[in-house]
Every structure is written in structure tokens, then in C-alpha cells.
Amino acid sequence: MVFGRSEHGAPPVEPVTLKILVAGGFGVGKTTLVGAISEIRPLRTEETLTEAGRPVDDTSGVEGKHTTTVAMDFGRITLREDLVLYLFGTPGQERFWFMWDELSEGALGAVVLADTRRLEDCFAAVDYFERRAIPFLVAVNCFDGAAVYPADAVRQALDLDPQVPVLLCDARDRESAKEVIIDLIEHAMRRPSAPQPTA
Ligand SMILES: Nc1nc2c(ncn2[C@@H]2O[C@H](COP(=O)(O)OP(=O)(O)O)[C@@H](O)[C@H]2O)c(=O)[nH]1
Ligand SMILES: [Mg+2]
């Protein structure tokens, strides 16, 4: 044995990494969801809403929210020693859309978060993933005080293909957020053309 490198035990495994995007409108709970499940303190790039940003960032319905994600959220979950998920909360505002193409490169799939009070805010994300044939599901973040609609009503309102999963969630709740991610992985793996994860 030289320089302390043990000859015992298995050599360290290069983990398989999967990339998952979390998209949806401004204030829908992307940062909250990534924070709820990430095992590392999520990296966030938040900016205090400035006067300059105000005309663009419509905060009606999300009063009390004073920061907005300008770049993205980043989190990590180790599913197994050899399987690591990276979560990217995509920038919600249209002026940051240029980042999406790079972020979605090689992504396993996407969670589109929706708020039934502002369902139209997720149209753009749904369109984006449909057009690029990136597997996605819609997770309705059930805010207190928002009317609860059955998943099928949301599916209809968003005109989703029947195979796109729609579920209700609470982005603040770790178990609920985990279920969303697991459903997405299962959905992505079900597709015949599912890309094989790369090491
Ligand atoms: N009541 C409730 N509040 C939530 C929920 N998810 C997020 N929030 C709050 O809604 C605000 C916007 O969430 P945030 O994650 O920053 O939205 P983002 O712009 O999509 O990243 C924050 O103040 C959150 O604490 C939820 O499920 N229920
Ligand atoms: Mg955010």
C-alpha cells in the first residue's frame, strides 16, 4: 500500500447523474420545491425586486414575495450511492428564456409547476417542453386559499396529452416534492425513446 490508498473495498463509483428541470410561472414555488428536497443548501440566485423589475414582474397574487429568481435554483439529491439527481429551477421570467435551451440539454425531464389562480403562467413552459419532446409532468402547487381543482380539470384547461401526468402537490413539503420527482422519473423512463442516463 502506497500513500494510504486502500486496496480494500470497492473503488469509488462514478455516479450516474440525472438532470431535472423545475419550470413554471413567477412565484409558483420553484425555489420552494428545490429547497424542500435538496440535500445541499440549494444555491439560489435571488435578486431583491427592484423598481426597474416591477413593471415586468407581476406580483399580483403573490403579495409578500420580495425576491425573484434571476438565474436559477440548483439542488442535488443522492438517490443511491451511484445515482444522483440535479435539480434546476429555471428562471421564470421571459427575459431569461435564453437560458432554457442550455439547461434543457440532456435533461431527463421537467416538472411544470402550476398555480390554479394563474394557470396561464405555465402555458409557456408546457409549450416549450411539448415542442422539444422533453418529458414533463404538471404539478399543481396547492396554495392555501386557492380553489382545488381535480387533476383532470387542469389537464383539460392546459390541453395536455393524455399521457402527461398531472398531480397535486405542496412545494413546501419534502415528501410531496419527492413524489413529484419520482413520478417524473417514472414517466420519463416509460417513454420508449427514453434517453439512457449518461455517467
Ligand atoms: N401557501 C403556500 N405558499 C407557498 C407554496 N409554495 C411556495 N409558497 C410561497 O410562495 C412564494 C413563492 O414561492 P417561490 O418558491 O419563491 O416561487 P418561484 O418564483 O417559482 O421560485 C414564497 O413566498 C413561498 O414561500 C405552497 O405550496 N403553499
Ligand atoms: Mg424562485
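Just so we're aligned, residue 1 is where the sequence shown starts under the working numbering, counting upward by one. A virtual CB, placed ideally from N, CA and C, is assigned to each residue, including glycine.
Does ligand 2 have even one heavy atom less than 7 angstroms from the beta-carbon of T90? no
Delimiting residues of the beta strand (DSSP E) encompassing A146: That residue, A146, is in no beta strand (DSSP E); it is neither H nor E in DSSP.
I need the boundaries of the alpha helix (DSSP H) containing A177, first residue and last residue. The continuous alpha helix (DSSP H) containing A177 extends over residues R174 to R190.
Comparing the CB of K30 with every heavy atom of ligand 1, is any distance shorter than 7 angstroms? Yes.
DSSP puts I77 in a beta bridge; with which residues? L85
From W97 to P150, what does the alpha carbon distance come to, in whole angstroms? 30 angstroms
Once DSSP output is grouped into helix, strand and coil, what is the label at C122? helix
Along the chain, where does the alpha helix (DSSP H) containing V154 start, and where does it finish? A151 to L158
Segment contact flag, the region 176-185 with the region 30-37, C-beta cutoff 8 angstroms, min 3 pairs: yes
Helix or strand or just coil, what does DSSP make of V164? Assigned with DSSP and collapsed to three states, V164 falls in coil, not helix or strand.
Give me the Cα-Cα distance between G75 and R132, rounded to the nearest whole angstrom. 24 angstroms
Secondary structure of V13, DSSP reduced to three states: Three-state DSSP puts V13 in coil, outside helix and strand.
Buried or exposed: where does T78 fall if 16 or more other Cβ atoms within 10 Å of its Cβ makes it buried? So T78 ends up on the exposed side.
So, at 6 angstroms on beta carbons, what are the nonlocal neighbours of T50 in its own chain, with the 5 sequence-adjacent residues on each side left out? Confidence in T50 is poor, its pLDDT being 49 and thus under 50, which makes the residue's placement unreliable; the coordinate value appears in the next sentence. The answer is none, since no qualifying residue turns up.
What residue does the beta strand (DSSP E) around L137 start on, and which one ends it? For L137, the enclosing beta strand (DSSP E) begins and ends at F136 to N141.
Nearest by alpha-carbon distance to M189: which of F26, W100, S38 and I134 is it? I134
How many Å lie between R54 and G106 at the Cα? With a pLDDT of 49 at R54, under the threshold of 50, the predicted position of this residue should be treated as unreliable, and no value is reported.
Can you name, in chain order, every residue of its own chain whose Cβ lies under 7 angstroms from the Cβ of T17, other than the five neighbours on each side? Closer than 7 angstroms at Cβ, skipping near neighbours: V84 and Y86.
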